[in-house]
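Structure first, then comments.
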Amino acid sequence: MLKHRLYRSYTAGLKIAALILPMPRPTLFSGPGSMNELLESMTELGFKRVLLVTDEGLVQVGIVDKVLEAAAQLDLQLDVFSQVKPDPTYDQVESGLEAYHRFHCEGILALGGGSAMDCAKVIAAKVTNKRPIKKLAGLLKVWRMPAPLFAIPTTAGTGSEVTIAAVVSDPSSHIKTPLMDPKLVPLMAAVDANLMIGLPPKITADTGVDALTHAIEAYVSKNATQETMAYSVAAIKLIFKYLPRAVMQGDDVEARHKMAMASYYAGLAFTKASLGYVHAFAHTFGARYGIPHGMANGLALLPVLRFSLSEIEPQLRKLDELTAEGQLGNASAQHFLANLESLFSTIDIEQTSALIQREEADALVDLILKEAHWNYPVPKFMNREECTQLLLNISEV
Numbered sequence: 002m003l004k005h006r007l008y009r010s011y012t013a014g015l016k017i018a019a020l021i022l023p024m025p026r027p028t029l030f031s032g033p034g035s036m037n038e039l040l041e042s043m044t045e046l047g048f049k050r051v052l053l054v055t056d057e058g059l060v061q062v063g064i065v066d067k068v069l070e071a072a073a074q075l076d077l078q079l080d081v082f083s084q085v086k087p088d089p090t091y092d093q094v095e096s097g098l099e100a101y102h103r104f105h106c107e108g109i110l111a112l113g114g115g116s117a118m119d120c121a122k123v124i125a126a127k128v129t130n131k132r133p134i135k136k137l138a139g140l141l142k143v144w145r146m147p148a149p150l151f152a153i154p155t156t157a158g159t160g161s162e163v164t165i166a167a168v169v170s171d172p173s174s175h176i177k178t179p180l181m182d183p184k185l186v187p188l189m190a191a192v193d194a195n196l197m198i199g200l201p202p203k204i205t206a207d208t209g210v211d212a213l214t215h216a217i218e219a220y221v222s223k224n225a226t227q228e229t230m231a232y233s234v235a236a237i238k239l240i241f242k243y244l245p246r247a248v249m250q251g252d253d254v255e256a257r258h259k260m261a262m263a264s265y266y267a268g269l270a271f272t273k274a275s276l277g278y279v280h281a282f283a284h285t286f287g288a289r290y291g292i293p294h295g296m297a298n299g300l301a302l303l304p305v306l307r308f309s310l311s312e313i314e315p316q317l318r319k320l321d322e323l324t325a326e327g328q329l330g331n332a333s334a335q336h337f338l339a340n341l342e343s344l345f346s347t348i349d350i351e352q353t354s355a356l357i358q359r360e361e362a363d364a365l366v367d368l369i370l371k372e373a374h375w376n377y378p379v380p381k382f383m384n385r386e387e388c389t390q391l392l393l394n395i396s397e398v
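If you want the working numbering, it's the position in the sequence shown, counting the first as 1, plus 1.
What follows is the structure, encoded as structure tokens:
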């Protein structure tokens, strides 16, 4: 079909851009206690007052206090903005921007999961780019360098500390607005497993599935390269091995660290190779029904992989060979999918949701296909009927 050729031409252009454009990486501090190294480096760069963008949950469990205490010992003033909610909105960004100016901050430190990271990135962009958020949406629309941005992820999922992307929601339309620009990559990041200890099992599982989805979608993407596939494989192997441990033994520092690095590798993979239909479903579910992003990915990952199987069978067979010990010579795409389903069962990932309203299927399909076809190099195109059927299968009757 002509429109499919247009989509392919556009996403091929994105691949060329990803290969040509310099993709910055943050200076990375990793391992238990690396938060302190990041804070020390910030003070060495001359920062005195920084806006800490986080959520109220991290305030309540004491993680914010840990960061504030460490910063105080270095004479680094952190002013707390803790109004971030899941799927941050334009209003939250504007509130954070107001706090940045009110406190006369010199930079921004994002502390939390993907929502805090996304909100902080867009606040940083808005400090120097005065246009409305909608005008910053899309590829390479952040014209001026954002305010200096640093990141401490407290979940192993989004990989946002290394990606060029940020997503915020327009509350009036329930549509997510993606910003994609290399300028959104933080200057420095600390992947500190000590800050992930005590993360509830459900959040650990859902965020781990987000990282897994990043890695798998990047691996089967039409824009995958040898480099991105290597990062995807590294992430997938770590997740299959360590995610159950992190879920069931929340104080397992090794499992937490390995999952944090898996999230980082997956972020490197999809930054260049991009994503696919799973994320189009997940963004739509999140914006319309408030379903957490990792949970939404879990709903769509297996159905989308099964739909695409005729085009991605060799890639899934290779993943099975690389991730299933003892299966050399007997690897298959179906075995990989079975292992993935078994992993989901082990960590209690839901496969259907009663929140998805079947009578809204037409509107949801419009959003899913619009996002996927112009943004993602999907391995196999989905028509309206196929998308609708997949959506209905996910929704509980």
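For every residue, glycine included, the Cβ atom is placed at its ideal position computed from N, Cα and C.
Check for me: the beta strand (DSSP E) holding residue i runs from which residue to which?
i      : result
GLY160 : Unbroken run through GLY160: none, as it is neither H nor E.
GLN78  : 78–85
SER31  : 28–31
LEU110 : 108–113
Can you give the Cα-Cα distance for residue i and residue j, rounded to whole angstroms?
i      : j      : result
GLN335 : ILE395 : 20 Å
MET197 : VAL60  : 14 Å
TRP375 : LEU29  : 32 Å
VAL398 : LYS86  : Model confidence at VAL398 stands at a pLDDT of 49, short of 50, so the residue's coordinates are unreliable; what they give is reported in the following sentence. Looking at the two C-alpha atoms, the distance is approximately 29 Å.
GLU95  : ASN340 : 44 Å
MET24  : GLU360 : 42 Å
TYR220 : VAL234 : 8 Å
MET296 : GLN352 : 9 Å
GLY354 : GLY115 : It is worth fixing the name first, because residue 354 is Ser in this sequence and not Gly. About 22 Å.
LEU323 : LEU338 : 13 Å
SER173 : LEU365 : 16 Å
ALA231 : ALA72  : 36 Å
GLN358 : THR389 : 12 Å
LEU112 : ASN331 : 44 Å
ILE348 : TYR243 : 11 Å
GLY34  : LEU391 : 44 Å
GLY118 : ILE134 : Per the sequence presented here, residue 118 reads as Met, with Gly not at that position. Going by the C-alpha atoms only, they are around 16 Å apart.
ALA157 : ARG6   : 36 Å
SER42  : ASN195 : 19 Å
SER309 : PRO380 : 7 Å
ALA166 : LYS259 : 23 Å
LEU368 : VAL254 : 40 Å
GLY32  : LYS4   : 47 Å
ILE313 : THR12  : 18 Å
VAL248 : PRO315 : 30 Å
ASP88  : VAL62  : 20 Å
TYR265 : THR205 : 15 Å
ASP171 : GLN78  : 32 Å
ILE176 : GLN74  : 42 Å
Just list the residues that DSSP pairs residue i with in beta bridges.
i      : result
VAL429 : Residue 429 is absent from the model: the chain starts at 2 and stops at 398.
PHE151 : LEU110, MET189
GLY139 : LEU180
SER396 : SER354
Assuming residue i is part of the alpha helix (DSSP H), what are its boundary residues?
i      : result
TYR101 : 91–103
ALA297 : 294–308
LYS371 : 362–376
ASN340 : 334–347
Check the Cβ-Cβ distances between residue i and every residue of chain C, and say whether any is below 8 Å.
i     : result
THR12 : The chain inventory of the structure shown lacks chain C, comprising one protein chain alone.
Query raised in the report: Are the segment 173–186 and the segment 122–140 in contact at 8 Å, needing three or more beta carbon pairs?
Result: yes
Requested in this report: Taking only runs that begin and end inside the segment 43–72, name each unbroken beta strand (DSSP E) of 3 or more residues, in chain order.
Outcome: 50–56
Query raised in the report: Pairing CB atoms from the segment 42–53 with CB atoms from the segment 200–214, are three or more of them under 8 Å?
Result: Counting C-beta pairs with one atom in each stretch, the segment 42–53 and the segment 200–214 have fewer than three that are closer than 8 Å, which means they do not touch.
Query raised in the report: Can you list the beta strand (DSSP E) stretches of 3 or more residues lying completely in the segment 176–247, in chain order?
Result: If we require 3 residues or more, the beta strand (DSSP E) runs fully inside the segment 176–247 come out as 176–181, 189–192.
Requested in this report: Pick out the complete alpha helix (DSSP H) segments inside the segment 241–285, 4 residues or longer, and give them in chain order.
Outcome: 254–274
Query raised in the report: Can you find at least 3 beta carbon pairs, one from the segment 188–202 and one from the segment 151–169, that sit closer than 8 Å?
Result: yes
Query raised in the report: Does the count of Cβ pairs from the segment 284–296 and the segment 376–386 closer than 8 Å reach three?
Result: no
Requested in this report: Flag this pair as touching only if the segment 99–107 and the segment 61–70 have three or more C-beta atom pairs under 8 Å; answer yes or no.
Outcome: No, the segment 99–107 does not touch the segment 61–70.
Query raised in the report: Pairing CB atoms from the segment 222–231 with CB atoms from the segment 261–278, are three or more of them under 8 Å?
Result: yes
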